[in-house]
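Engineer: For what it's worth, the numbering used here labels the leading residue of the sequence shown as 103, then goes sequentially. Where is the CB? At the ideal position from N, CA and C, for every residue including glycine. The structure follows.
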Amino acid sequence: MNNLIRKSVQAMSGYVPGEQPKEDGIVKLNTNENPYLPSADVQDILSMVDISALSRYPDPVCLELRKVIAELHGCAVENVFVGNGSDEVLALCIRAFVEREGSVGYFEPSYSLYPILTEIEDVEKKPVELDTGFGWQMPEDYAASLFFLTNPNAPTSLNYFKKKVESFANGFGGVVLIDEAYADFSDENCMDLALENDHVLVARTLSKSYSLAGIRLGYCVGNSELIGALHKIKDSYNVNYLTQEIARVAILDQDTMKANVQAIVETRKLVTEKLTDLGFSVCNSQTNFLWVKPLGLRVPALFEQLRKKNILVRHFGNDERTKDYLRITIGTAPEMFKFLDAVEGVLNGDE
Ligand SMILES: Cc1ncc(COP(=O)(O)O)c(C=O)c1O
């Protein structure tokens, strides 16, 4: 059978998404989703959908949606590409910008999908290890065709200063894709760099700050020639009609997105303080999740004990650099109080 499957596909293990439990009563803090409702305009647009529209193909170039995104970022429609989640945008960037003999760079740890996408395309991976404080120092003479720079980074939750990202981009010969999946939760973002530099793209998603992981909509902004290359190679109808409509009204309602982000940022501060008081080392999060090291506790045991108490968080246990940490998505305040109670219970040795 194996001779029917490409060798590179046989050799790879595939991406393992966070668990999506089916049972009720789980406090789900494992996949960085947003616990709040999306814009009420989403409900309205769904109730207004004329189902006869579903028998037609959607707009292949998503013009109305791209106009709204262009308006939001102060650029032209030609500077915007939209995809089926930012995951699709990332995959297309490798296909569009990396030759067979080319290479893809990214930091480790960062978003664990990058190496998988690179393996799928069967091109060289050029990861750069972050230091123990999760900062970076580029190796001398480092080069790659495309670099995925996650900012703020996941799973570490830390933001790299724009100045540092800018100087990295200035010295880099390939395409730099700044993956800003979490930028709405951060004090700073690098969208300007995409508008000012021909080789820089910035990717965003509606999965986190807009509470719309289920519709699968991501986009990137940048030079019109790079954006044009992505349009050439995408599936003809890569973003479905309902997603285009929902995303358009959700982006127009910036107030709801900002209010939800504000609630998450406030809860993030509170949980950071409580966990610090409980003796955890907590990174200074600029995202909708925390990256924490529970000092004096075995992380796999803590993960399992929380799971028994119906609290689901994320542990990347297969990697030396991440195995001593837990990633905890910020849920609603009541969810986070349940989480904190459960942690205290574990610390006190309750069963
Ligand atoms: C850094 C980063 N980029 C991209 C994504 C994927 O976003 P989307 O849901 O738009 O595919 C995630 C999802 O967790 C992420 O953490």
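#1: Below 8 Å on the Cβ atoms is my contact criterion, and I expect T258 with F287 to pass it. Report the Cβ-Cβ distance as a whole number of Å.
#2: How many angstroms separate the CA atom of A178 from the CA atom of K360?
#3: Opposite D281 in the DSSP bridges: which residues?
#4: On the DSSP bridge list, what partners appear for F391?
#5: Can you give the beta carbon distance from E223 to V191, rounded, assuming they're within the 8 Å contact cut?
#6: Within 10 angstroms of its Cβ, does S110 collect 16 or more other Cβ (buried), or is it exposed?
#7: Sorry if obvious, but does the Cβ on N261 come closer than 7 Å to a heavy atom of ligand 1?
#8: I'd like the list of long-range same chain contacts for G468, defined as Cβ closer than 7 Å, with 5 residues on each side in sequence excluded.
#9: Give the straight-line distance between the Cα atoms of P137 and N104, rounded to the nearest whole angstrom.
#10: Can you give me the Cβ contacts of L156 inside the same chain, cut-off strictly under 7 Å, excluding the 5 residues immediately before and after it?
#11: Does the Cβ-Cβ distance between L167 and A349 come in under 8 Å?
#12: Looking at the structure shown, is V415 part of a helix, part of a strand, or coil, going by DSSP?
#13: Hey, E135 and T431: beta-carbon distance below 8 Å or not?
#14: Going along the chain, which residues of its own chain have a beta-carbon closer than 8 Å to the beta-carbon of G433, five neighbours each way excluded?
#15: Across the stretch 387–395 and the stretch 200–216, are there enough close Cβ pairs to call them in contact, namely three or more that are closer than 8 Å?
#16: Would the beta-carbon of L428 fall within 8 Å of that of R416?
#17: Taking the Cβ atom as the reference point for each residue, do S188 and A331 lie within a distance shorter than 8 Å?
#18: Considering only residues of the stretch 324–401, which uninterrupted beta strand (DSSP E) runs meet the minimum length of 3 residues and lie entirely inside it, listed in chain order?
#19: If you measure from each CB to the nearest heavy atom of ligand 1 and keep those under 5 Å, what residues do you get, in chain order?
#20: Report the residue from I317, F439, F405, E327 whose alpha carbon sits nearest the alpha carbon of L148.
#21: Would you tell me roughly how many angstroms separate the C-alpha atoms of E437 and K310, rounded to the nearest one?
#22: Between L194, G176, G120, which lies nearest to I335 when the distance is taken from Cα to Cα?
#23: Alpha carbon to alpha carbon, what distance is there between L380 and E446?
Structural biologist: On the basis of the data shown:
#1: Beta-carbon to beta-carbon, T258 and F287 are separated by about 14 Å, too far to satisfy the 8 Å threshold.
#2: So the two alpha carbons sit approximately 24 Å from each other.
#3: In the DSSP output, where bridge partners are listed per residue, D281 has T252, A305.
#4: Per DSSP, T431.
#5: Between V191 and E223 the Cβ distance is about 14 Å, and since that is not below 8 Å, they are no contact.
#6: Only exposed fits S110, as fewer than 16 other CB atoms lie within 10 angstroms of its CB.
#7: N261 Cβ: outside cutoff for every heavy atom of ligand 1.
#8: Residue 468 is absent from the structure shown; the chain starts at 103 and stops at 453.
#9: C-alpha separation (whole angstroms): 43 Å.
#10: The residues are Y343.
#11: Between L167 and A349, the C-beta spacing is below 8 Å.
#12: DSSP places V415 in coil when its eight states are reduced to three.
#13: T431 is positioned such that its CB atom lies closer than 8 Å to that of E135.
#14: Around G433, the same chain offers V129, K130, L131, P137, T369, F441 as residues with beta carbons nearer than 8 Å, after the five sequence neighbours per side are excluded.
#15: For the pair of segments examined, the stretch 387–395 was found not to touch the stretch 200–216: the number of CB pairs separated by less than 8 Å stays below three.
#16: Yes.
#17: Between S188 and A331, the C-beta spacing is not below 8 Å.
#18: Counting only runs of 3 or more, we get 382–384, 391–396.
#19: Result (chain order): G187, S188, D189, Y213, T252, A256, D281, A283, T307, S309, G320.
#20: Nearest in C-alpha terms to L148, of all of I317, F439, F405, E327, is I317.
#21: The alpha-carbon of E437 is positioned some 17 Å away from that of K310.
#22: Taking only the C-alpha atoms, the option nearest I335 is L194.
#23: Note on geometry: alpha-carbon atoms of E446 and L380 lie some 8 Å from one another.
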